[in-house]
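Contents: one structure, followed by commentary.
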Amino acid sequence: MELIELIRHFFAENDMGETAGTPNTPQDIAEIEQTLNLRLNSLYQEIISEFGSCYLGLEFYDRRNPDGGLITQTQWFRQAAQDAGLTGYEHFIAIADNGSGDKILLGADSNELFLFAHDSGEILPLAQEYGGAGTLDDLIREYIGEEEEDWDDEEDE
Numbered sequence: 001m002e003l004i005e006l007i008r009h010f011f012a013e014n015d016m017g018e019t020a021g022t023p024n025t026p027q028d029i030a031e032i033e034q035t036l037n038l039r040l041n042s043l044y045q046e047i048i049s050e051f052g053s054c055y056l057g058l059e060f061y062d063r064r065n066p067d068g069g070l071i072t073q074t075q076w077f078r079q080a081a082q083d084a085g086l087t088g089y090e091h092f093i094a095i096a097d098n099g100s101g102d103k104i105l106l107g108a109d110s111n112e113l114f115l116f117a118h119d120s121g122e123i124l125p126l127a128q129e130y131g132g133a134g135t136l137d138d139l140i141r142e143y144i145g146e147e148e149e150d151w152d153d154e155e156d157e
């Protein structure tokens, strides 16, 4: 099953519609891309276009978060990275945080996830810091994985 289909199924089967936000419009996507001067990662764009700010192992930012969400958090990350003397991260977006102020980053042209440790100014692969999933699709599949196995069992019956 395609990942977006798995997410739809997960929300429906678990009565979790309230954990999905308002879908981002093509205008929202265009504003994000123009403001941040990049093309969004295609999987992330698909997720926020259909589910908005939603919880899938992480609470994902989008254009419609009350605090400015994706744009504001990415701009904050870019400034913090620059202040820390880091370069080469202009095409990363801050898609979530870990609850301690560290940003979860996603490359515009990659599904690999990174952690920006705001206290130390380091950027580390997320899998190295937390173990488990190192890519966006793996993180989501890991989060919804148990239910996916149950769906496969139901389909076999």
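So the sequence shown is numbered by the numbering used here: it starts at 1 and just counts up by one. Yeah, the Cβ is synthetic: ideal placement off N, Cα and C, and Gly gets one too.
- Nearest in C-alpha terms to residue 108, of all of 94, 120 and 115, is 94.
- Apart from sequence neighbours up to five positions away, the residues of its chain that approach residue 117 with a beta-carbon distance below 6 Å are 102, ordered along the chain.
- Within its own chain, the residues whose Cβ lies closer than 8 Å to the Cβ of residue 142, once the five positions on either side in sequence are excluded, are 57, 132 and 133, listed in chain order.
- Under DSSP, residue 50 takes part in no beta bridge, so it has no partner.
- Residue 106 sits close to residue 41, with the two beta carbons spaced by under 8 Å.
- Around the beta carbon of residue 73, 16 or more other beta carbons lie within 10 angstroms, which makes this residue buried.
- Taking the C-beta atoms as reference points, residue 24 is found nearer than 8 Å to residue 49.
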